[in-house]
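Chains as they are written, first to last, in our numbering: chain Z, 2 to 263; chain C, 1394 to 1684.
Here you go:
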């Protein structure tokens, strides 16, 4: 009983957003009857998609997010490999440097980063949204941990077979770390897709704004169009929802790594 | 070239892409931000003359800075304890062995699918003063309407409620994972020894769960200090600055008064640094002595 009540309360905002988004706008003031959908009406979703430019924002979000995720996975694999399998001078110092990046919140550097982007002439470009996030210390640590789990015998065997570092990286280390790479991918996707402050700061026009910033325009909608607010929220959340349903396990690993011993 | 020299080169090559990004977009801007704080902004949003530490002491003494720091702290106090207790409650509910429990767990974690912006918009429809569902419900119950987002008394509370809700999925997932590591045999033997449900929770579950809870507290505190999107979308810092947290204040000053924004950003950095160090300590303990 308590379980059902708790679930109903937690899920209520999501449920209402979906229900309002798929019903005729006028039903919004028909409370509580509005909570039980009577007819399907996609006009709000269609309007949000076309007139409110959500389709454009979605494309931008996909471009930016996939670029960030791809770059983060590649840079993390390379850096993690170096920390896990190679011996080189200043290793401890460089590792500490990676660790230090975790202590600098993005909010603390926006003033100077805004200045940099402005100087590069990157305001209102995809680069501005992508390049600052192409590396991640969190991902590097996650993958280093996975690489350290590769059994020594495998490394020795690979060396005997004449595998160089590239061969070992591509043929052994990366395939063995696949679950961790999947967790990192899902986690990075979620973070990149949901970014708000930075995209808001460095974009001013529709051509590069991401879906989260597109929601800001919708949030100012008049009473008559309050249903658009729900439609926009549903559209922006849908890709993440699909991602979570498909890769739930990986996300849980990503979220709890560190909290619980793997 | 010797084998080890080749390894060195390879290692630096592998680290270079990450180091470049960190250098340009984390370390340089951090140093630059600290430096910007030694200048006065000119009236056009550019950098004025060098004034040294006096700009820091000036900004830290301003009413606007103290007010927004105070609001940030109140926001943390409003969101973190509530979020933790609710997350723990949901995790305990979801930990039972019942038919269909997977459905409940999915519903409890459902808010992780929402971004800050999505959550804010979902709540905008609920909190709207005239046709929001909560106000329609209040009216049906014979209560007066509440102007949630535009009244000084309610705005911060409302934004805090949205934040607690949005983080709930994360808190639930993390604490649930922690609960799984509490051995059933231990609880069972406590039960046989005559410990009631509360005693079992208090003396077995809670101590074993404490590292996880500590982790959740630190992460929630950090996220709470970083709160921005929900304020920008729901209240834009108002009414009368009542929801203007530190990050929001920094944002509004970034292009118009960069040196004030820089000083405040440095304060933010110092606070977060402290919190992150605590977090790392917690994680370290977890890794070395945990379980």
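Ideal Cβ placement from N, Cα and C applies to all residues, glycine included. Here the structure is a predicted model, which is why all the values come from computation and not from measurement.
Taking residue 1609(C) as the reference, give the member of 1575(C), 1562(C), 1639(C), 1638(C) with the closest Cα. Taking the first residue of the second chain as 1, we reach residue 1609(C) at position 216. Nearest C-alpha to residue 1609(C): 1562(C).
Could you spell out where the beta strand (DSSP E) holding residue 1440(C) opens and where it closes? Taking the first residue of the second chain as 1, we reach residue 1440(C) at position 47. Per DSSP, residue 1440(C) belongs to the beta strand (DSSP E) from 1440 to 1443.
Hey, does residue 237(Z) have any beta-carbon neighbour from chain C nearer than 8 Å? As a first step, residue 237(Z) is located in the first chain; it is residue number 236 there, counting from the start. So yes, residue 237(Z) belongs to the interface.
Looking only at its own chain, which residues have a Cβ that is under 7 Å from the Cβ of residue 237(Z), when we skip the five neighbours before and after it? As a first step, residue 237(Z) is located in the first chain; it is residue number 236 there, counting from the start. Excluding residues within five positions, the ones whose Cβ falls inside 7 Å are 212, 213, 216.
Taking residue 1432(C) as the reference, which of 1424(C), 1425(C), 1442(C) has the closest Cα? Residue mapping note: residue 1432(C) aligns to position 39 of the second chain, counting from 1. Ranking the options by Cα distance to residue 1432(C), first place goes to 1442(C).
Beta-carbon of residue 1511(C) versus every beta-carbon of chain Z: anything under 8 Å? Numbered from its first residue, the second chain carries residue 1511(C) at position 118. Interface residue, yes.
In chain order, what residues of the same chain lie with their CB nearer than 8 Å to the CB of residue 1518(C), ignoring the 5 residues before and after it? Start at 1 with the first residue of the second chain, and residue 1518(C) comes out as number 125. Contacts found: 1525, 1526.
Which residues does DSSP list as the beta-bridge partners of residue 1432(C)? Counting from one through the second chain, the residue named residue 1432(C) turns up at place 39. Residue 1432(C) is bridged to 1443(C).
Does DSSP put residue 1455(C) in a helix, a strand or coil? On the second chain, residue 1455(C) is found 62 positions in, with the first residue counted as 1. Of the three classes helix, strand and coil, the one that applies to residue 1455(C) here is coil, per DSSP.
Take the Cβ of residue 1532(C) as the centre, count every other Cβ of all protein chains shown within 10 Å, and call the residue buried at 16 or more, exposed below. Sequence index remark: in the second chain, residue 1532(C) carries index 139 (1-based). Classification of residue 1532(C): exposed, given that the 10 Å Cβ count is below 16.
Closest Cβ-Cβ distance between residue 111(Z) and chain C: below 8 Å? As a first step, residue 111(Z) is located in the first chain; it is residue number 110 there, counting from the start. Yes, contact with chain C.
Can you give me the start and stop residues for the alpha helix (DSSP H) that residue 215(Z) sits inside? Start at 1 with the first residue of the first chain, and residue 215(Z) comes out as number 214. Residues 212 to 220.
Does residue 1515(C) come out as helix, strand or coil in the three-state DSSP assignment? Along the second chain, read from residue 1 onward, the residue named residue 1515(C) stands at position 122. DSSP places residue 1515(C) in helix when its eight states are reduced to three.
Contact list for residue 90(Z) against chain C, beta-carbon separation under 7 Å: By one-based count along the first chain, residue 90(Z) stands at place 89. Those within 7 Å of residue 90(Z) in chain C are 1401.
Below 8 Å, how does it come out for the segment 82 to 89 of chain Z and the segment 1617 to 1636 of chain C: are there three or more Cβ pairs, yes or no? no
Going along chain Z, which residues have a C-beta under 7 Å from residue 1547(C)? By one-based count along the second chain, residue 1547(C) stands at place 154. Chain Z residues near residue 1547(C): none, gap ~17 Å exceeds 7 Å.
Cβ of residue 104(Z) less than 8 Å from any chain C Cβ? Within the first chain, numbered from 1, the residue matching residue 104(Z) stands at position 103. Output row for residue 104(Z): interface = yes.
As an exercise, report each continuous beta strand (DSSP E) stretch of at least 3 residues that is fully enclosed by the segment 1577 to 1649 of chain C, in chain order. none
Would you identify the three-state DSSP class for residue 197(Z), choosing helix, strand or coil? Locating residue 197(Z) in the first chain gives position 196, counting from the first residue. If DSSP states are grouped into helix, strand and coil, residue 197(Z) belongs with coil.
In the DSSP assignment, the alpha helix (DSSP H) including residue 1544(C) goes from what residue to what residue? Here the question's residue 1544(C) lines up with position 151 in the second chain. First-last for residue 1544(C): undefined, no H or E at that position.
So which residues on chain C does residue 117(Z) lean against when the C-beta distance must stay under 9 Å? Locating residue 117(Z) in the first chain gives position 116, where the first residue counts as 1. Per Cβ cutoff of 9 Å: 1417, 1418, 1421, 1422, 1425.
Give the interface partners of residue 1457(C) over in chain Z, defined as CB-CB distance under 9 Å, in chain order. In the second chain, counting from the first residue as 1, residue 1457(C) sits at position 64. Those within 9 Å of residue 1457(C) in chain Z number zero; the least Cβ separation is about 16 Å.
Out of curiosity, what's the CA-to-CA distance linking residue 1475(C) and residue 168(Z)? In the second chain, the residue the question calls residue 1475(C) occupies position 82. In the first chain, the residue the question calls residue 168(Z) occupies position 167. About 51 Å.
Does DSSP put residue 1566(C) in a helix, a strand or coil? Mapped onto the second chain, residue 1566(C) falls at position 173. It is helical.
If I'm right that residue 1647(C) touches residue 118(Z) with Cβ under 8 Å, what's the distance once you round it to whole angstroms? Counting from one through the second chain, the residue named residue 1647(C) turns up at place 254. Counting from one through the first chain, the residue named residue 118(Z) turns up at place 117. Not confirmed; about 11 Å, so no contact.
Cβ-based contacts, 7 Å cut-off: residues of the segment 169 to 187 of chain Z near chain C: none
Report the option in 165(Z), 74(Z), 62(Z), 24(Z) whose CA atom is closest to the CA atom of residue 1410(C). The residue given as residue 1410(C) occupies position 17 in the second chain. Out of 165(Z), 74(Z), 62(Z), 24(Z), 74(Z) has the C-alpha closest to the C-alpha of residue 1410(C).
In the structure shown, what three-state DSSP assignment does residue 209(Z) receive? Here residue 209(Z) corresponds to residue number 208 of the first chain, with the count starting at 1. Three-state result, residue 209(Z): coil.
In three-state terms, what does DSSP make of residue 259(Z)? Counting from one through the first chain, the residue named residue 259(Z) turns up at place 258. Per-residue confidence for residue 259(Z) stands at a pLDDT of 46, beneath the threshold of 50, marking its modelled position as unreliable; the derived number appears in the next sentence. Correct three-state label for residue 259(Z): coil.
Reduced DSSP category for residue 1489(C) - H, G, I as helix; E, B as strand; rest coil: Mapped onto the second chain, residue 1489(C) falls at position 96. Residue 1489(C): coil per DSSP, three-state reduction.
Mind pulling the chain Z residues with CB within less than 7 Å of residue 1655(C)? The residue labelled residue 1655(C) in the question sits at position 262 within the second chain. Residues of chain Z passing the Cβ test: 112.
Near-chain C residues of the segment 153 to 166 of chain Z (beta-carbon distance less than 9 Å), N- to C-terminal order: 166
Endpoints, the alpha helix (DSSP H) within which residue 117(Z) is located: For this step, residue 117(Z) is matched to residue 116 along the first chain. It spans 107 to 120 - the alpha helix (DSSP H) in which residue 117(Z) sits, taken as one unbroken run.
Nearest by alpha-carbon distance to residue 1488(C): which of 1538(C), 1430(C), 1566(C) is it? Position 95 of the second chain holds residue 1488(C). Residue 1488(C) has its Cα closest to that of 1566(C), out of 1538(C), 1430(C), 1566(C).
Range of the contiguous alpha helix (DSSP H) that encloses residue 5(Z): For this step, residue 5(Z) is matched to residue 4 along the first chain. Taken as a continuous stretch (DSSP letters only), the alpha helix (DSSP H) holding residue 5(Z) covers 3 to 22.
Please state if the CB of residue 99(Z) and the CB of residue 138(Z) are separated by a distance shorter than 8 Å. Residue mapping note: residue 138(Z) aligns to position 137 of the first chain, counting from 1. Residue mapping note: residue 99(Z) aligns to position 98 of the first chain, counting from 1. Yes, they are a contact pair.
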